[in-house]
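One structure is given here, and the rest of the page talks about it.
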Amino acid sequence: MKKTAIEVYALLVCLGAMTCLSVNIGLVLHDTVSLVKPSLTISTYQYNNHQNNDNYWQHQVGQSNIIQLNDLTLNPKKDKKFVKRPTKNELTQQRLDSYQSVIEAEKRSAIKDLIFEFIVILVSSILFFTHWRFVLHEKK
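Be aware that the sequence shown starts at 30, since it is given in this note's numbering, and climbs by one per residue.
Here it is as C-alpha coordinates:
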(Lines of atoms letter the chains of each structure in order from A and count residues from 1; the text may use other names and numbers.)
(Lines give C-alpha, C1' and ligand atoms only; values in the text may rest on other atoms or scores of the structure.)
Protein backbone atom coordinates (compact mmCIF):
# COMPACT_ATOMS: atom_id res chain seq x y z
CA MET A 1 0.00 0.00 0.00
CA LYS A 2 1.55 3.26 -1.21
CA LYS A 3 1.26 6.31 1.04
CA THR A 4 1.00 9.84 -0.23
CA ALA A 5 3.28 12.61 1.03
CA ILE A 6 0.34 14.15 2.89
CA GLU A 7 -0.40 10.85 4.60
CA VAL A 8 3.24 10.49 5.67
CA TYR A 9 3.15 14.07 6.97
CA ALA A 10 -0.03 13.35 8.97
CA LEU A 11 1.47 10.18 10.44
CA LEU A 12 4.65 12.04 11.43
CA VAL A 13 2.56 14.72 13.16
CA CYS A 14 0.70 11.93 14.99
CA LEU A 15 4.01 10.39 16.05
CA GLY A 16 5.30 13.74 17.33
CA ALA A 17 2.05 14.41 19.17
CA MET A 18 2.14 10.98 20.81
CA THR A 19 5.74 11.58 21.87
CA CYS A 20 4.77 14.91 23.46
CA LEU A 21 1.79 13.28 25.16
CA SER A 22 3.91 10.45 26.56
CA VAL A 23 6.57 12.76 27.97
CA ASN A 24 4.05 15.20 29.42
CA ILE A 25 2.03 12.47 31.12
CA GLY A 26 5.20 11.47 32.99
CA LEU A 27 5.82 15.11 33.92
CA VAL A 28 2.22 15.48 35.10
CA LEU A 29 2.66 12.48 37.38
CA HIS A 30 5.88 13.96 38.82
CA ASP A 31 4.28 17.36 39.39
CA THR A 32 1.23 15.74 40.97
CA VAL A 33 3.55 14.08 43.48
CA SER A 34 5.22 17.48 44.01
CA LEU A 35 1.86 19.03 44.74
CA VAL A 36 0.65 16.28 47.07
CA LYS A 37 3.95 15.53 48.86
CA PRO A 38 6.41 18.37 48.10
CA SER A 39 8.91 17.16 50.70
CA LEU A 40 9.65 14.22 48.37
CA THR A 41 10.57 16.35 45.39
CA ILE A 42 12.51 19.27 46.86
CA SER A 43 16.20 19.17 46.07
CA THR A 44 18.44 17.03 48.23
CA TYR A 45 20.48 20.15 48.96
CA GLN A 46 17.45 22.01 50.38
CA TYR A 47 16.26 18.93 52.23
CA ASN A 48 19.64 18.37 53.92
CA ASN A 49 19.97 22.04 54.89
CA HIS A 50 16.70 21.92 56.79
CA GLN A 51 17.14 18.66 58.70
CA ASN A 52 18.72 20.13 61.81
CA ASN A 53 19.86 23.44 63.23
CA ASP A 54 23.56 22.84 62.57
CA ASN A 55 23.00 22.12 58.89
CA TYR A 56 20.68 25.10 58.60
CA TRP A 57 23.14 27.45 60.32
CA GLN A 58 26.03 26.25 58.14
CA HIS A 59 23.85 26.87 55.09
CA GLN A 60 23.02 30.38 56.30
CA VAL A 61 26.65 31.11 57.06
CA GLY A 62 27.74 29.86 53.64
CA GLN A 63 25.14 31.90 51.74
CA SER A 64 25.85 35.25 53.32
CA ASN A 65 29.67 35.27 53.24
CA ILE A 66 29.85 35.13 57.03
CA ILE A 67 32.94 33.77 58.70
CA GLN A 68 32.11 31.51 61.64
CA LEU A 69 34.24 31.48 64.78
CA ASN A 70 32.73 29.11 67.33
CA ASP A 71 29.35 30.64 68.24
CA LEU A 72 30.22 34.04 66.77
CA THR A 73 30.22 34.95 63.10
CA LEU A 74 31.82 37.79 61.17
CA ASN A 75 30.33 39.32 58.08
CA PRO A 76 33.26 40.95 56.26
CA LYS A 77 31.18 42.51 53.48
CA LYS A 78 28.77 44.45 55.65
CA ASP A 79 29.84 45.98 58.93
CA LYS A 80 32.67 43.65 60.01
CA LYS A 81 30.87 43.03 63.27
CA PHE A 82 30.52 39.65 64.91
CA VAL A 83 27.07 38.13 64.90
CA LYS A 84 26.09 35.65 67.55
CA ARG A 85 24.41 32.43 66.53
CA PRO A 86 20.70 32.57 67.47
CA THR A 87 19.48 30.55 70.42
CA LYS A 88 18.35 26.99 69.80
CA ASN A 89 14.66 27.95 69.86
CA GLU A 90 15.14 30.96 67.57
CA LEU A 91 17.23 28.96 65.12
CA THR A 92 14.72 26.11 65.15
CA GLN A 93 11.90 28.55 64.38
CA GLN A 94 13.93 30.17 61.57
CA ARG A 95 14.71 26.73 60.12
CA LEU A 96 11.07 25.59 60.26
CA ASP A 97 9.88 28.86 58.67
CA SER A 98 12.48 28.51 55.95
CA TYR A 99 11.50 24.88 55.33
CA GLN A 100 7.86 25.91 55.04
CA SER A 101 8.86 28.52 52.45
CA VAL A 102 10.75 25.87 50.46
CA ILE A 103 7.69 23.58 50.57
CA GLU A 104 5.38 26.39 49.41
CA ALA A 105 7.77 27.26 46.58
CA GLU A 106 7.80 23.61 45.50
CA LYS A 107 3.98 23.53 45.45
CA ARG A 108 3.80 26.76 43.46
CA SER A 109 6.33 25.44 40.97
CA ALA A 110 4.32 22.22 40.59
CA ILE A 111 1.11 24.16 39.89
CA LYS A 112 2.87 26.36 37.34
CA ASP A 113 4.38 23.32 35.61
CA LEU A 114 1.05 21.46 35.63
CA ILE A 115 -0.67 24.36 33.86
CA PHE A 116 2.02 24.36 31.17
CA GLU A 117 1.89 20.57 30.79
CA PHE A 118 -1.88 20.54 30.44
CA ILE A 119 -1.60 23.17 27.69
CA VAL A 120 0.95 20.99 25.88
CA ILE A 121 -1.29 17.94 26.31
CA LEU A 122 -4.28 19.86 24.93
CA VAL A 123 -2.37 21.10 21.87
CA SER A 124 -0.80 17.68 21.26
CA SER A 125 -4.18 15.98 21.56
CA ILE A 126 -5.79 18.36 19.08
CA LEU A 127 -2.92 17.84 16.63
CA PHE A 128 -3.07 14.08 17.04
CA PHE A 129 -6.83 13.68 16.59
CA THR A 130 -7.12 16.05 13.65
CA HIS A 131 -4.25 14.40 11.78
CA TRP A 132 -5.34 10.88 12.75
CA ARG A 133 -8.81 11.56 11.33
CA PHE A 134 -7.13 12.66 8.13
CA VAL A 135 -5.11 9.40 7.99
CA LEU A 136 -8.28 7.35 8.54
CA HIS A 137 -10.11 9.33 5.85
CA GLU A 138 -7.26 8.74 3.38
CA LYS A 139 -7.38 4.96 3.96
CA LYS A 140 -11.02 4.78 2.78
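Don't be surprised by glycine CBs; every beta carbon is placed ideally from N, CA and C.
Residue j beta carbon less than 7 Å from that of residue i
i	j	result
E185	V57	Since the first residue shown for the chain is 30 and the last is 169, residue 185 is missing from the structure and cannot be characterised.
V149	N81	no
A39	H160	yes
P67	I144	no
H79	Y128	yes
Residue of the options minimising C-alpha distance to residue i
i	options	result
L151	L50, L41, N118	L50
T121	P67, Q89, F163	Q89
Alpha carbon of residue i to alpha carbon of residue j, nearest angstrom
i	j	result
D142	N77	24 Å
D60	K31	43 Å
V164	R137	40 Å
T48	S153	9 Å
Q178	G55	Outside the modelled stretch of the chain, which goes from 30 to 169, sits residue 178, for which no answer is possible.
T116	W86	11 Å
S130	L44	41 Å
Q75	N84	10 Å
F158	S72	38 Å
Nonlocal neighbours in the same chain, by C-beta distance under 7 Å from residue i, ignoring five residues either side
i	result
L156	V42, A46
Cut-off 8 Å between Cβ atoms - residues of its own chain near residue i, not counting five sequence neighbours on either side
i	result
L69	V62, S63
A139	D60, T61, S63, L64, P67, T70
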